[in-house]
Amino acid sequence: MKKLIVPGDKSITQRFLILAGLAEGKSLLKGALASTDCLSTADTLQQLGVQITNEPDKDEFTILGSGLQGFRNPSRDLDFQNSGTGARLMLGVLSAQLMLRDVVITGDKSLVKRPMDRVVQPLRRSGAQIDYIENRGVLPISITGKKLVPIIHKSSVPSAQVKSALLLASLVSGQSVIVSEPSQSRDHTERILAASGVKIREELSEGRWEVEIDVTPGKLSPFEVDIPGDFSSAAFFVGYAMLGGAGNGLVIEDVGLNPTRTGLLDVLARMGAKIEISEKSGSYWGEPLGSIEIASIELKGTEIQGEEVPYMIDEFPLLAILGSRAVGVTKIRGAKELRFKESDRIRALVDNMRTIGLEIEEFEDGLEILGTEKPLKGRVYSHGDHRIAMAFGILAALPGNEIEIEGMEVADVSFPGFWKILSELKKDSTKNG
Ligand code: S3P
Numbered sequence: 006m007k008k009l010i011v012p013g014d015k016s017i018t019q020r021f022l023i024l025a026g027l028a029e030g031k032s033l034l035k036g037a038l039a040s041t042d043c044l045s046t047a048d049t050l051q052q053l054g055v056q057i058t059n060e061p062d063k064d065e066f067t068i069l070g071s072g073l074q075g076f077r078n079p080s081r082d083l084d085f086q087n088s089g090t091g092a093r094l095m096l097g098v099l100s101a102q103l104m105l106r107d108v109v110i111t112g113d114k115s116l117v118k119r120p121m122d123r124v125v126q127p128l129r130r131s132g133a134q135i136d137y138i139e140n141r142g143v144l145p146i147s148i149t150g151k152k153l154v155p156i157i158h159k160s161s162v163p164s165a166q167v168k169s170a171l172l173l174a175s176l177v178s179g180q181s182v183i184v185s186e187p188s189q190s191r192d193h194t195e196r197i198l199a200a201s202g203v204k205i206r207e208e209l210s211e212g213r214w215e216v217e218i219d220v221t222p223g224k225l226s227p228f229e230v231d232i233p234g235d236f237s238s239a240a241f242f243v244g245y246a247m248l249g250g251a252g253n254g255l256v257i258e259d260v261g262l263n264p265t266r267t268g269l270l271d272v273l274a275r276m277g278a279k280i281e282i283s284e285k286s287g288s289y290w291g292e293p294l295g296s297i298e299i300a301s302i303e304l305k306g307t308e309i310q311g312e313e314v315p316y317m318i319d320e321f322p323l324l325a326i327l328g329s330r331a332v333g334v335t336k337i338r339g340a341k342e343l344r345f346k347e348s349d350r351i352r353a354l355v356d357n358m359r360t361i362g363l364e365i366e367e368f369e370d371g372l373e374i375l376g377t378e379k380p381l382k383g384r385v386y387s388h389g390d391h392r393i394a395m396a397f398g399i400l401a402a403l404p405g406n407e408i409e410i411e412g413m414e415v416a417d418v419s420f421p422g423f424w425k426i427l428s429e430l431k432k433d434s435t436k437n438g
């Protein structure tokens with residue numbers, strides 16, 4: 006059976022880069038993701054005076070942190086390129102760094118369209134000085150560090166970026182921030198902080214998920230850490246193997262199995278998937294990891310509703326692709342957040358799928374797709390969105406389909422090497438089949 010290792014987790018790498026920049030002393034991140042998103046966060050940290058070394062194409066970062074209040078004013082705008090996580094988390098950090106004056110945060114043409122008010126509004130309520138430079142609600146933004154005051158924030162959508170930005174503002178300012186979300190979003194920030202000795206309070210309160218840093222630590226110790234493979238990257242090959250692309254099966258090793266990320270596995274089980282999970286013993290900075298073994302199987306359509314959405318928020322492009330090859334209809338609802346990702350993912354999926362001959366219906370908060378075995382043909386567009394490009398890459402690699410993808414290179418945002426792994430798996434399965 007073919008074995009595979011995917012690159013380090015993007016969310017975890019981003020958080021360790023930022024937290025190591027805020028720590029006192031030298032951190033070492035191994036197995037980290039050196040994708041364009043993480044490199045843009047590393048670059049902005051360097052602009053702020055953090056010393057970082059990362060050899061090109063290597064998955065190790067050495068970081069000499071500046072301390073919780075040690076960033077210096079950068080000499081140019083901080084460009085987060087495509088990275089919503091980098092920009093939003095750093096908004097929280099920079100708001101509370103007292104030395105900073107008129108620091109400008111910007112991004113590429115996708116990032117400057119994404120909503121920032123969800124982070125800016127609660128930060129402003131806590132006393133942050135944040136100004137929109139061109140258009141209300143979007144980047145570019147200017148920040149001047151301020152003394153913050155305690156707040157309680159009730160967020161209308163589950164969002165780990167909002168939650169983490171506010172927790173980081175609390176960490177840097179030393180002030181209490183209580184974040185309440187409709188249901189729990191991914192909890193990497195909480196796990197890392199807890200594993201480094203920071204006391205976190207988390208509980209279900211009146212049907213909402215509530216989190217705060219219970220006792221702000223005043224300083225952070227550096228990290229030495231091995232980062233697990235990214236479940237969201239592995240998911241593409243889980244899908245490919247289920248659709249028969251990896252011959253007689255596939256094992257993906259050392260993947261992060263944090264339950265706030267692996268919701269796709271429950272949905273796939275309902276679709277009939279045969280997947281075996283072996284968790285490694287122990288935890289790695291609070292993060293579980295292990296291997297995923299996948300056999301090819303005929304899938305049946307399923308229905309995904311609101312409460313499952315946060316646990317698989319990044320996997321919908323792939324799920325739609327699996328739905329297009331399942332028996333019957335796959336219904337995705339309660340997923341309006343997909344419209345605010347690197348692209349409007351509902352629109353990008355619907356347009357592309359219609360182009361290649363699929364039957365798909367669009368809703369404000371989701372889509373419904375009818376599975377088919379017929380060959381699919383046509384040219385699809387990534388819309389500058391890595392997960393759209395990779396999802397259609399999986400469909401394009403299946404025998405019988407003739408799909409061309411415009412903007413394939415955008416996969417580098419989260420998964421450098423994706424196309425090489427895909428073409429090797431494809432070659433192997435054609436040889437063996
Ligand atoms: C992320 C949180 C999610 C996810 C994104 C990464 C993170 O976004 O879609 O890819 O690392 O915190 P939201 O916070 O907008 O849900």
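Residue 6 is where the sequence shown starts when you use my numbering, and the numbers rise one by one after that.
Glycine included, every Cβ here is placed at the ideal spot set by N, Cα and C.
Because the structure is a prediction, the values reported are computed rather than measured.
(1) Closest by CA to residue 60, which one among 36, 73, 53, 70?
(2) Quick check: what's the CA-CA separation for residue 292 versus residue 310?
(3) Relative to the alpha-carbon of residue 187, which residue among 181, 158, 196, 198 has its alpha-carbon at the smallest distance?
(4) Near residue 93, what residues of its chain come up, given a Cβ to Cβ distance below 6 angstroms and the 5 sequence neighbours on each side ignored?
(5) Quick test of the definition: if touching needs 3 or more C-beta pairs under 8 angstroms, does the region 336-353 touch the region 195-202?
(6) Is there contact between the region 237-251 and the region 418-434, where contact requires at least three CB pairs shorter than 8 angstroms?
(7) Could you tell me the distance, in whole angstroms, from the CA atom of residue 114 to the CA atom of residue 87?
(8) Would residue 145 be called buried (16 or more neighbouring beta carbons within 10 Å of its own) or exposed?
(9) Applying the criterion that 16 or more other CB atoms from any shown protein chain within 10 Å of the CB defines a buried residue, is residue 127 buried or exposed?
(10) Expressed to the nearest angstrom, what Euclidean distance is found between the alpha-carbon atoms of residue 317 and residue 267?
(11) What does the alpha-carbon distance come out to for the pair residue 33 and residue 230?
(12) Report the option in 296, 290, 56, 118 whose CA atom is closest to the CA atom of residue 281.
(13) When the distance is taken between beta carbons, is residue 383 closer than 8 angstroms to residue 361?
(14) Within the continuous beta strand (DSSP E) that includes residue 206, where are the two ends?
(15) What would DSSP say about residue 300, mapped onto helix, strand or coil?
(16) What would DSSP say about residue 156, mapped onto helix, strand or coil?
(17) Leaving out five residues on either side along the sequence, give the residues of the same chain with a beta carbon under 7 angstroms from the beta carbon of residue 284.
(18) Under three-state DSSP, which class holds residue 290?
(19) Does the distance between the C-beta of residue 164 and the nearest non-hydrogen atom of the ligand S3P fall short of 7 angstroms?
(20) Can you give the beta carbon distance from residue 343 to residue 177, rounded, assuming they're within the 8 angstroms contact cut?
(21) Could you check the C-alpha separation between residue 213 and residue 345 for me, to the nearest Å?
(22) Quick check on DSSP: helix, strand or coil for residue 148?
(23) Compute the minimum distance between the beta carbon of residue 346 and the heavy atoms of the ligand S3P, and state whether it is under 7 angstroms.
(24) Where residue 38 and residue 98 are concerned, what is the direct C-alpha to C-alpha distance, given to the nearest angstrom?
(25) Quick one: is residue 96 buried, meaning 16 or more other Cβ sit within 10 Å of its Cβ, or exposed?
(26) Do residue 375 and residue 364 have their beta-carbon atoms positioned less than 8 angstroms apart in this structure?
(27) When you compare only the Cα positions, how much space is there between residue 224 and residue 106?
(28) Compute the Euclidean distance between the alpha carbons of residue 130 and residue 156, then round it to the nearest angstrom.
(29) Specify the secondary structure class of residue 262 as computed by DSSP and reduced to three states.
(30) Could you please give me the residues that DSSP links to residue 231 through a beta bridge?
(31) On the CB-based measure, 16 or more other CB atoms within 10 Å of its CB, does residue 104 come out buried or exposed?
(32) Between residue 90 and the ligand S3P, is there a pair consisting of the residue's CB and a ligand heavy atom that are separated by less than 7 angstroms?
(33) Let me make sure I understand the geometry here. Which of 278, 148, 298, 273 has the alpha-carbon closest to that of residue 257?
(34) Using C-beta distances below 8 angstroms, list every residue in its chain close to residue 45, excluding the 5 sequence neighbours before and after it, in chain order.
(35) Can you tell me whether residue 138 is helix, strand or coil according to DSSP?
(36) DSSP beta-bridge partners for residue 214?
Let me lay it out:
(1) 36
(2) 26 angstroms
(3) 158
(4) 124, 166, 170
(5) no
(6) yes
(7) 8 angstroms
(8) buried
(9) buried
(10) 6 angstroms
(11) 6 angstroms
(12) 296
(13) yes
(14) 204-210
(15) strand
(16) strand
(17) 262, 293, 295
(18) coil
(19) yes
(20) No, residue 343 and residue 177 are not in contact; Cβ-Cβ is about 31 angstroms, not under 8 angstroms.
(21) 22 angstroms
(22) strand
(23) yes
(24) 21 angstroms
(25) buried
(26) yes
(27) 22 angstroms
(28) 7 angstroms
(29) coil
(30) 35
(31) exposed
(32) yes
(33) 298
(34) 84, 85, 86, 87, 88, 91
(35) coil
(36) 186, 209
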